Amino acid sequence: MMARCFILTLLLLCFIAVDSISFMDPKVLVVVDDKHLYQSHSVLFTTLEEKGYQLTVKTAQDSNLSLTSEDGEYLFSHLFLLCPKTFGIMTRGLERTDVLDFVEAGGNVIFFANTGYEEPTSKLFESFGCELDEPQSLVLDHLHYSSDCDSYFGGKHSAVLATGITHSSVVYVDSENKPIIYQGIGMGIFRNRELIFPILWGSSSAYSYFPNTRVTELPIVSGEETVMMAALQSRNGARVLLSGSTDICSNSLQTTFLGNKHFCSQIVSWTLGERGMLRTQNWRHHKVGDSITNHSNDMYRVRDEIEFLVDIEEWNGTEHGWKPFLGNDVQLEFIMLDPYIRKTLVCVDETKGSYYTRFRIPDRIGVYKFSIGYYRRGYSPIQASQVVSVRPFRHDEYERFILQAYPYYAAALSMLLGVFSFGFVFLHGKGMFCIPNP
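Read left to right, the sequence shown gives residues -20 to -1, 1 to 418 (mature numbering (1 follows the signal peptide of the UniProt record, and there is no 0)).
Structure, rendered in structure tokens:
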């Protein structure tokens, strides 16, 4: 009986697979505080639907709100949260831990907050490395604001012109160079977080505080540290977009200011994985002089000359296909505990994204790894490696004469020459070794 149970357990383990999320899956779960908030962002959601995304819109009060099915498989690849007031309070099927597990599995998350957020929203932002200012506060700037739009928001100088935009061309391509209006709460980024970075921030005169209130204490964030929107690129490729404003991508600002429309389209598309997703393909490495094939050796000899090639591709969300990735800062490491060799890869075929390098294996036996670790802002990280063994020379592979042994060769030859000379003189010398009689 126990044997049968053991066999059944093994069979079950064989069929269990780790649930991972593909960024190419177009299924998006949109969670809003109410239907009105969805309608006020219909321009953005219509754009996503035109690109082929399948949107499932639910309110926070929905009793069937869940990211997973009954068997634990994720039903969506992207999560769009427009529920800063109800997240964690009314979203019983979607807590902070659920969102964190979703990101850990590779899912992308977009969260737009506003001044009326609740504590669970701030806790989620802190989990990603951001600190929201106090509720009901706003980003204010008395020098850089839109006079046309400011009256719409109450004339508090809260319709701020965002002057700081990320310089990463893969995250945001500023082809129109038009102003971006921001009306919302300010954020600060924890200094000890390496994966999160600002996308949109204020000018040197911006600060986050309560409007129509005299400033009596130092604001939490001020100047160019006033972050309006931030992004996180996790090590597994998942992306998180955090915004302190729900109005920045609303219909009213997108239709009035084309800069907002272009900015929101670019940032949301990057977060959903349309740009900057990398992969490696077709690893090849062989000894110099061997024929180039797709089959790579798994064992080399010390001091062998090695040629290494790999194809690196980037996902093109517009054409829904992979294209060659062109870069000049990709490095290959040959590692045994520590890197023994580090070489910069050179692109030799731009049509395939093929990268090449050549090096000599160190004079040390062991188990090595060809390793590529590529970490750049805006790109999904590349963490790939292949293991090979390095053996010593066989007994018949050493050189016949070793340069370092020439002194020993000379000593042996001089000894032989001396013995031969002494024997010749001793045998054939006439009277040279005779002892005279007394």
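Yeah, the Cβ is synthetic: ideal placement off N, Cα and C, and Gly gets one too. Here the structure is a predicted model, which is why all the values come from computation and not from measurement.
- Please work out which residues of its chain come closer than 8 Å, Cβ to Cβ, to F105, disregarding the five sequence neighbours upstream and downstream, and give them in chain order. Mapped onto the sequence shown, residue 105 falls at position 125. F91, A93, E111, L112, M167, L222.
- Message: Just to confirm before moving on: does the CB-CB distance between residue 431 and P304 stay below 8 Å?
- Response: Past the edges of the chain, shown from -20 to 418, lies residue 431, and the structure says nothing about it.
- Message: Taking 7 Å as the limit between beta carbons, can you name the residues of its chain near E114, skipping five residues before and five after?
- Response: Start at 1 with the first residue of the sequence shown, and residue 114 comes out as number 134. There are no such residues.
- Query: Which residue from W295, T36, S126, M209 puts its Cα closest to that of G144?
  - Reply: Mapped onto the sequence shown, residue 144 falls at position 164. Out of W295, T36, S126, M209, M209 has the C-alpha closest to the C-alpha of G144.
- Message: Which runs of the beta strand (DSSP E) at least 3 residues long sit entirely within the stretch 30 to 55? Give them in chain order.
- Response: 34 to 39
- Ignore the nearest five residues each way along the sequence and tell me which others in Y355's own chain have a CB closer than 6 Å to its CB. The count along the sequence shown starts at 1 and reaches residue 355 at position 375. Excluding residues within five positions, the ones whose Cβ falls inside 6 Å are P361.
- Task: Could you tell me the distance, in whole angstroms, from the CA atom of L24 to the CA atom of S245?
- Result: For the purposes of this step, residue 24 is identified with residue 44 of the sequence shown, where counting begins at 1. For the purposes of this step, residue 245 is identified with residue 265 of the sequence shown, where counting begins at 1. Distance between the alpha carbons of L24 and S245 is about 7 Å.
- Task: Would you be able to state if there are at least three C-beta pairs under 8 Å between the stretch 211 to 222 and the stretch 237 to 254?
- Result: yes
- Residue range of the alpha helix (DSSP H) that includes P387: Working through the sequence shown from its first residue, we reach residue 387 at position 407. Following the DSSP letters along the chain, one finds P387 inside the alpha helix (DSSP H) bounded by residues 386 to 408.
- Item | Residue range of the unbroken alpha helix (DSSP H) whose run includes I247 | In the sequence shown, residue 247 corresponds to position 267, counting from 1. Run containing I247: 238 to 251, per the alpha helix (DSSP H) assignment.
- If you run the structure through DSSP and keep just helix, strand and coil, what is H266? As a first step, residue 266 is located in the sequence shown; it is residue number 286 there, counting from the start. Note: H266 maps to strand in three-state DSSP.
- Per DSSP, what kind of secondary structure is T206 in: helix, strand or coil? Start at 1 with the first residue of the sequence shown, and residue 206 comes out as number 226. Coil, per DSSP.
- Straight-line Cα distance separating Y152 from I341: Within the sequence shown, residue 341 is the residue found at index 361, counting from 1. Within the sequence shown, residue 152 is the residue found at index 172, counting from 1. Near 41 Å, if we compare the C-alpha coordinates of Y152 and I341.
- Outcome for E294 when other beta-carbon atoms lying within 10 angstroms are tallied against a minimum of 16: What you label residue 294 is simply residue 314 of the sequence shown in a count that begins at 1. It is buried - the Cβ of E294 has at least 16 other Cβ atoms within 10 Å.
- From T26 to I165, what does the alpha carbon distance come to, in whole angstroms? What you label residue 26 is simply residue 46 of the sequence shown in a count that begins at 1. What you label residue 165 is simply residue 185 of the sequence shown in a count that begins at 1. Using only the alpha carbons, I get a separation of about 26 Å.
- Between L80 and the rest of its own chain, which residues show a CB-CB distance below 7 Å, the 5 nearest in sequence each way excluded? The residue you call residue 80 lines up with position 100 of the sequence shown. Closer than 7 Å at the Cβ level, and outside the excluded window around L80, lie S107.
- Query: With respect to the alpha helix (DSSP H) encompassing S127, which residues constitute its N-terminal and C-terminal limits?
  - Reply: Within the sequence shown, the letter at position 147 stands for residue 127. It spans 127 to 130 - the alpha helix (DSSP H) in which S127 sits, taken as one unbroken run.
- Item | Validate contact between the stretch 365 to 375 and the stretch 343 to 357 using beta carbons, cut 8 Å, 3 pairs | Short answer: they touch.
- Query: Where I(-5) and V268 are concerned, what is the direct C-alpha to C-alpha distance, given to the nearest angstrom?
  - Reply: Here residue -5 refers to the residue found at position 16 when the sequence shown is read from its first residue. Here residue 268 refers to the residue found at position 288 when the sequence shown is read from its first residue. Confidence at I(-5) is low in this model, with a pLDDT of 36, below 50, so its placement is unreliable and the value that follows should be read with caution. Each residue's Cα considered, the two are about 43 Å apart.
- F406 versus H375: straight-line alpha-carbon distance, rounded: In the sequence shown, residue 406 corresponds to position 426, counting from 1. In the sequence shown, residue 375 corresponds to position 395, counting from 1. Between F406 and H375, the C-alpha separation is close to 42 Å.
- Task: With distances taken Cα to Cα, identify the nearest neighbour of S138 among Y125, Y335, V150, S148.
- Result: Counted from its first residue, the sequence shown places residue 138 at position 158. Nearest of Y125, Y335, V150, S148 to S138, Cα basis: Y125.
- Give me the Cβ distance between S57 and N88, rounded to the nearest whole Å; I'm assuming they're in contact under 8 Å. Position 77 of the sequence shown holds residue 57. Position 108 of the sequence shown holds residue 88. Correct: roughly 7 Å between the Cβ atoms.
- Under 8 Å, do L55 and V10 count as touching if we go by C-beta distance? Taking the first residue of the sequence shown as 1, we reach residue 55 at position 75. Taking the first residue of the sequence shown as 1, we reach residue 10 at position 30. No.
- Starting from P304, follow the beta strand (DSSP E) in both directions and report where the run begins and ends. For the purposes of this step, residue 304 is taken as the residue at position 324 of the sequence shown. From DSSP, the beta strand (DSSP E) with P304 extends over 301 to 304.
- Query: For D121, is the classification buried or exposed, using 16 other Cβ atoms within 10 angstroms of its Cβ as the cut-off for buried?
  - Reply: Here residue 121 corresponds to residue number 141 of the sequence shown, with the count starting at 1. Label assigned to D121: buried.
- Would you please state the rounded distance, in angstroms, between the beta carbons of V140 and S188? I believe it to be under 8 Å. Here residue 140 is taken as the residue at index 160 of the sequence shown, counted from 1. Here residue 188 is taken as the residue at index 208 of the sequence shown, counted from 1. That belief does not hold up - the Cβ atoms of V140 and S188 are roughly 10 Å apart, past 8 Å.
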